[in-house]
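The block underneath contains the structure these notes are about, expressed in structure tokens.
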Amino acid sequence: MHGRHLEALLVVESPAVQTLINRKSSSLPTLQALCRVGGLLVGWLATMAVEVAGALLLAFIHKINEAFSQASRVESSRVESSRQTQRKQPEAIANATLHQRDLLSYQPTS
Numbered sequence: 001m002h003g004r005h006l007e008a009l010l011v012v013e014s015p016a017v018q019t020l021i022n023r024k025s026s027s028l029p030t031l032q033a034l035c036r037v038g039g040l041l042v043g044w045l046a047t048m049a050v051e052v053a054g055a056l057l058l059a060f061i062h063k064i065n066e067a068f069s070q071a072s073r074v075e076s077s078r079v080e081s082s083r084q085t086q087r088k089q090p091e092a093i094a095n096a097t098l099h100q101r102d103l104l105s106y107q108p109t110s
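Heads up, the sequence shown is in full-length UniProt numbering, so the first residue is 1 and it goes up one at a time.
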């Protein structure tokens, strides 16, 4: 067991392995920083996507609400117009009847 451990230490102590370890360890903080920046960027993009989706949903709901409100106003106007027509109808019939009587009783003078 000691022989293999010593052999492993010799391999680790070789200049090529040390250079590789030094490169990796010197680039490790850079890699960690890039991962942090990448994570922050992904988090920010996800937040923006959620905000945009929420804004679009809110705009869509507002448009639907506006359409229903307008339809309600049109229906209310139509109902009120119908009520007014129904109120005026007996009066219009009475006026037409009087007018017809006047026409029937009209005697041209010669």
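Built from N, CA and C at the ideal position, the CB exists for glycine as well.
When DSSP assignments are scanned along the region 24-52, no uninterrupted stretch of beta strand (DSSP E) that is 3 or more residues long falls wholly within it.
Here DSSP, grouped into helix, strand and coil, assigns Pro108 to coil. Leu40 has its alpha-carbon roughly 10 Å from the corresponding atom of Ala33. Leaving aside the five residues that flank Gly38 on each side, none in its chain has a CB nearer than 7 Å to its CB. Put simply, the backbone Cα of His62 is about 22 Å away from that of Ser77.
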